[in-house]
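Enquirer: One structure coming up, written as structure tokens, with questions to follow.
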Amino acid sequence: MDIPVLSSTFLLTMLLGVGLFFFIRASVKDRTQSIRYGSDLSEESLIPQLQRYFAERSYQLQNTEAVPQHFVFEGIVRPSVFLAVFLTLLATIGLLCLALVLAIAFPHLSGAPYALVLLSPLAGFFYWQRAKRPEQVLLRLESDHDELPQSSFQSFITITAHRDELIELERALPLKQAP
Numbered sequence: 101m102d103i104p105v106l107s108s109t110f111l112l113t114m115l116l117g118v119g120l121f122f123f124i125r126a127s128v129k130d131r132t133q134s135i136r137y138g139s140d141l142s143e144e145s146l147i148p149q150l151q152r153y154f155a156e157r158s159y160q161l162q163n164t165e166a167v168p169q170h171f172v173f174e175g176i177v178r179p180s181v182f183l184a185v186f187l188t189l190l191a192t193i194g195l196l197c198l199a200l201v202l203a204i205a206f207p208h209l210s211g212a213p214y215a216l217v218l219l220s221p222l223a224g225f226f227y228w229q230r231a232k233r234p235e236q237v238l239l240r241l242e243s244d245h246d247e248l249p250q251s252s253f254q255s256f257i258t259i260t261a262h263r264d265e266l267i268e269l270e271r272a273l274p275l276k277q278a279p
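For my numbering, add 100 to where a residue sits in the sequence shown, where the first one is 1.
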């Protein structure tokens, strides 16, 4: 086989392998964000709704006395079966491509490079072990009197949580992002 073609194919395969490695590693990265919401509800009616929402999502209220109007909820993030299978499939395809290039580059190895594919379940295992972790949701309530008079919201809340949790919260409760 032509050496420049094989070399460039091997280089591209290695670059794709590096990208796959960082993609798998990023699957367990912390994506915590802080967003300020406004609500038409008063604090007295918003607090029980938030507590009920987080209790339904398996979060436990950790403290309420430490700082007034600050709440800390803690729960365990469950890993996604779909993502574990998806990452294993991606790793299988990537390692199969690498094995194919190695088998062509080194024909004397016969089928040995294809044994690399047996390492692909490690990607799903890595995700499964690292994705299951405790997570905190921090809530800080503010009342309208701290805001400008033209504000149409009765209460404001700043929530620090995982990005996906904030998206679900916006769907479930009548909250709008505030400036």
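Virtual Cβ for every residue (Gly too), placed ideally from N, Cα, C.
1) What does the Cβ neighbour count give for residue 150, buried or exposed, with the cut at 16 atoms within 10 Å?
2) Identify every residue that forms a DSSP beta bridge with residue 260.
3) Cutting at 6 Å between CB atoms, please list the residues of its own chain near residue 60, excluding the five before and the five after it.
4) Between the alpha carbons of residue 260 and residue 133, how many angstroms are there, rounded?
5) Let's test the definition: count the other Cβ atoms within 10 Å of the Cβ of residue 239 and tell me whether it reaches 16, buried, or not, exposed.
6) CA-CA distance, residue 248 and residue 172?
7) Could you check which residue in 104, 110, 147 and 126 has the C-alpha nearest to that of residue 255?
8) What distance in whole Å lies between the Cβ atoms of residue 204 and residue 106, which are believed to be in contact at a cut-off of 8 Å?
9) Can you tell me which of 138, 109, 192 and 272 puts its alpha carbon nearest to the alpha carbon of residue 121?
10) May I ask you to list the residues that DSSP assigns as paired with residue 276?
11) Going by DSSP, what residue range makes up the beta strand (DSSP E) through residue 172?
12) Smallest Cα separation from residue 230: which of 180, 194 and 202?
13) Quick check on DSSP: helix, strand or coil for residue 220?
14) Excluding the 5 residues preceding and the 5 following residue 308 in the sequence, name in chain order all residues of the same chain whose CB lies nearer than 6 Å to its CB.
15) Over the uninterrupted beta strand (DSSP E) stretch that includes residue 162, give me the two end residues.
16) Give me the residue from 156, 273, 135 and 115 with the minimum Cα distance to residue 263.
17) Under a Cβ-count criterion, where at least 16 other Cβ atoms within 10 Å of its own Cβ denotes burial, should residue 154 be classed as buried or exposed?
Expert: Taking the coordinates as given:
1) By the 10 Å Cβ count, residue 150 comes out buried.
2) In DSSP, residue 260 forms a bridge with 134 and 238.
3) With the chain covering 101 to 279 only, the question about residue 60 has no answer from this structure.
4) Counting only the Cα atoms, residue 133 lies some 5 Å from residue 260.
5) It counts as buried.
6) Residue confidence is low: residue 248 scores 45 on pLDDT, short of 50, so the model does not pin down where it sits. No coordinate-derived value is stated.
7) Checked all of 104, 110, 147 and 126; the closest Cα to residue 255 is 147.
8) With a Cβ gap of about 7 Å, residue 106 and residue 204 count as contacting.
9) Among 138, 109, 192 and 272, the Cα nearest to that of residue 121 belongs to 192.
10) BP columns for residue 276 point to 138.
11) Counting along the chain, the beta strand (DSSP E) containing residue 172 begins and ends at 170 to 177.
12) Minimum Cα-Cα distance from residue 230 among the listed residues 180, 194 and 202 corresponds to 180.
13) If DSSP states are grouped into helix, strand and coil, residue 220 belongs with coil.
14) It is not possible to answer for residue 308, since the shown part of the chain is limited to 101 through 279.
15) Residues 160 to 163.
16) Ranking the options by Cα distance to residue 263, first place goes to 135.
17) Around the Cβ of residue 154, a 10 Å sphere holds 16 or more other Cβ atoms; the residue is buried.
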